[in-house]
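Peer 1:
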Amino acid sequence: MNSTKLIIYSVLVTNIGILLLVNRAHGSQQASALFVFGDSLIDNGNNNYLDSLAKADYYPYGIDFFKGPTGRFCNGKTVIDGMCDLLGLPYLPAHANPNLNGSKLLAGVNYASAAGGILDVTGTFLGDRYSLKQQVLHFEEDLNEIKNLFSHDEDYNEYLSKSIVVMVLGSNDYINNYLLPTLYTSSYTYTPEQYANLLLNEYTRQILAVQSLGTSKFLLAAVGPLGCIPNQRASAGGPDCVDQVNQIVGYFNKGLGSLVKQLNTDHPDSVFLYGNTYDALGDMLNNPDKYGFTVVDEGCCGLGRNRGQITCLPFAVPCTERNRFIFWDAYHPTEAVNLILAKRAYSGPPSDIYPINLQQLAKL
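Each residue of the sequence shown is one higher than the one before, counting from 400 in my numbering.
1. DSSP state of LEU619, grouped into three classes?
2. Looking at the secondary structure, which residues open and close the beta strand (DSSP E) in which GLU697 lies?
3. Using a Cβ-Cβ cut-off of 7 Å (strictly less than) and excluding sequence neighbours within five positions of HIS731, which residues of its own chain qualify?
4. Which of the three DSSP states is assigned to PRO497 in this structure?
5. Alpha carbon to alpha carbon, what distance is there between GLY656 and GLY681?
6. Could you name the residues of the same chain whose beta carbon sits closer than 6 Å to that of SER746, not counting the 5 residues immediately before and after it, in chain order?
7. Thinking LYS476 and ILE563 are a contact (beta carbons under 8 Å), I'd like their distance in whole angstroms, please.
8. Let's test the definition: count the other Cβ atoms within 10 Å of the Cβ of ASN575 and tell me whether it reaches 16, buried, or not, exposed.
9. Can you tell which of VAL535, VAL508 and GLY526 has the C-alpha that lies nearest to the C-alpha of ILE517?
10. Which full runs of the beta strand (DSSP E) of 3+ residues lie inside the region 661-714, going along the chain?
11. Using the C-alpha atoms, what's the distance from ASN446 back to GLY770?
12. What ranges does the beta strand (DSSP E) occupy inside the region 442-509, keeping only unbroken runs of at least 3 residues that lie completely in it?
13. Pick out whichever of GLY467, ASP450, LEU449 and ASP463 has its Cα sitting closest to the Cα of TYR457.
14. So what does LEU433 bridge to, in DSSP terms?
15. Determine the DSSP secondary structure at TYR730, reduced to helix, strand or coil.
16. What does the alpha-carbon distance come out to for the pair GLY637 and ASN630?
17. Buried or exposed: which applies to ASN645, given that a residue is buried once 16 or more other Cβ atoms fall within 10 Å of its Cβ?
18. Let me check understanding here. Comparing Cα to Cα, which of LEU599, VAL508 and GLY613 lies closest to ASP552?
19. Look up PHE524 in the DSSP assignment and give the residues it is bridged to.
20. Using DSSP with H/G/I as helix, E/B as strand and the rest coil, what is ILE517?
21. Excluding the 5 residues preceding and the 5 following THR603 in the sequence, name in chain order all residues of the same chain whose CB lies nearer than 7 Å to its CB.
22. What separation, rounded to the nearest whole angstrom, lies between the Cα atoms of PRO591 and ASP639?
23. For PHE692 and ARG723, I'd like the C-alpha separation in whole angstroms.
24. In whole angstroms, what separates the C-alpha of LEU699 from that of GLN605?
25. Take every Cβ of the region 426-437, pair it with every Cβ of the region 501-514, and state whether three or more of those distances are shorter than 8 Å.
26. Report the rounded CA-to-CA distance for ASP678 versus PRO580, giving the unit in angstroms.
27. DSSP three-state label for PHE651, please.
28. For ASP480, is the classification buried or exposed, using 16 other Cβ atoms within 10 angstroms of its Cβ as the cut-off for buried?
29. Kindly list the residues whose CB is nearer than 6 Å to the CB of ALA495, restricted to its own chain and excluding five residues on each side of it in sequence; keep chain order.
30. Can you check the region 535-592 for any beta strand (DSSP E) of at least 3 residues that lies completely inside it and give the ranges in chain order?
31. Helix, strand or coil: how does DSSP classify TYR529 here?
32. Bridge partners of ILE752, per DSSP?
33. Could you give the distance in angstroms between the alpha-carbon of GLN708 and the alpha-carbon of ASN543?
34. Buried or exposed: which applies to ASP442, given that a residue is buried once 16 or more other Cβ atoms fall within 10 Å of its Cβ?
35. Looking at the unbroken alpha helix (DSSP H) that takes in LEU760, where does it start and where does it end?
36. For my contact list, LEU525 and SER570 are in at a C-beta cut-off of 8 Å; report their separation, rounded to the angstrom.
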């Protein structure tokens, strides 16, 4: 085979391979890719490569995950892993992995970073982390590499049109910023409503930056009931949820719901979903028996009051009945909760995810 034929053959094989990957969206794989932006709720290993105090690359994190500790802040699967299962996608690689390149990018990438937030200043006291703005820049870099894998723009555009963007952000902008008055002045500078508007304005800028790169399907998750996580319960000195914290978060969630409606109006060629994490998790907290949970107010792994004053340390001994706990550590839910949240996002009614669910979005 001469050199010209070899080049043509190589190009054909490469293009066929890419088209097979993309066309899986029409079979068991319902989307061509999943690109996710977020914080420790969905970080799957990016912070392993950073000089950060916010890491989960040690036992007992990952005790129930088939790969063991990977950097996931959970005993097992994150909500993104659950979504990948339902969408027929492989588990996503972490962007910071130095071995990630070329065709390994095609099924999607996880850009989430523990301690990262919508605001650049969020989580600085924990060391290095990727803010949303940095995550978006990483996404742009990866898209440039992905585009080079396609010989024709129409194939690349089709690939992007079948890809889904998931954003899970905002929690750190409260627990690692606004709710830490000894480290940040934000709670003195802004009322809760003003702060929510500050977050939403920056969030909108970054969402539109991602959209401008050619994506058109978005799932934007609300912030959960932060006043009910073990850390906040313990900080308040009692077993109950901290209503004031939940009220503060409510301004952000209300604004995010309005933002989703506005984005759908302003950008009719795109679809934006509002994932009602707050009410979904709230339902589990208020009706634990319905889901098989028995412990709602403390972490499975942690120390101090509510096992939430000090989060899960290396080689700590976690609870044995992890499926009966809503919270894995001081801040994060268990795999059992994550899989319920993923299922509700995938096939739930408008009260769970609005205006359509993830399964319906993938079919568009």
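Cβ coordinates follow ideal geometry from the N, Cα and C atoms, glycine included. Predicted model only: the values in this text are computed from it and were never measured.
Peer 2: So, from the listed chains and residues:
1. Assignment of LEU619 by DSSP, reduced to helix, strand and coil, places it in the strand class.
2. 694-698
3. SER439, LEU440, PHE472 and CYS473
4. Taken through DSSP and simplified to helix, strand or coil, PRO497 comes out as coil.
5. 17 Å
6. Around SER746: ASN756 and GLN758.
7. Not quite, the Cβ-Cβ distance comes to about 18 Å (not below 8 Å), so this is no contact.
8. buried
9. VAL535
10. 670-674 and 694-698
11. Lying before the first or after the last residue shown, residue 770 is absent from the chain, which here runs from 400 to 763.
12. 507-509
13. GLY467
14. GLY507 and ILE563
15. coil
16. 11 Å
17. buried
18. Ranking the options by Cα distance to ASP552, first place goes to GLY613.
19. None; PHE524 has no bridge partner.
20. coil
21. LEU658
22. 22 Å
23. 4 Å
24. Sequence check: residue 699 is Cys here, not Leu. C-alpha separation (whole angstroms): 35 Å.
25. yes
26. Taking the straight line from one Cα to the other gives about 27 Å.
27. helix
28. buried
29. ASN445 and TYR448
30. 562-567
31. coil
32. GLY674
33. 43 Å
34. Classification for ASP442: buried.
35. 757-762
36. Rounded, the Cβ-Cβ distance is 14 Å, inconsistent with contact.
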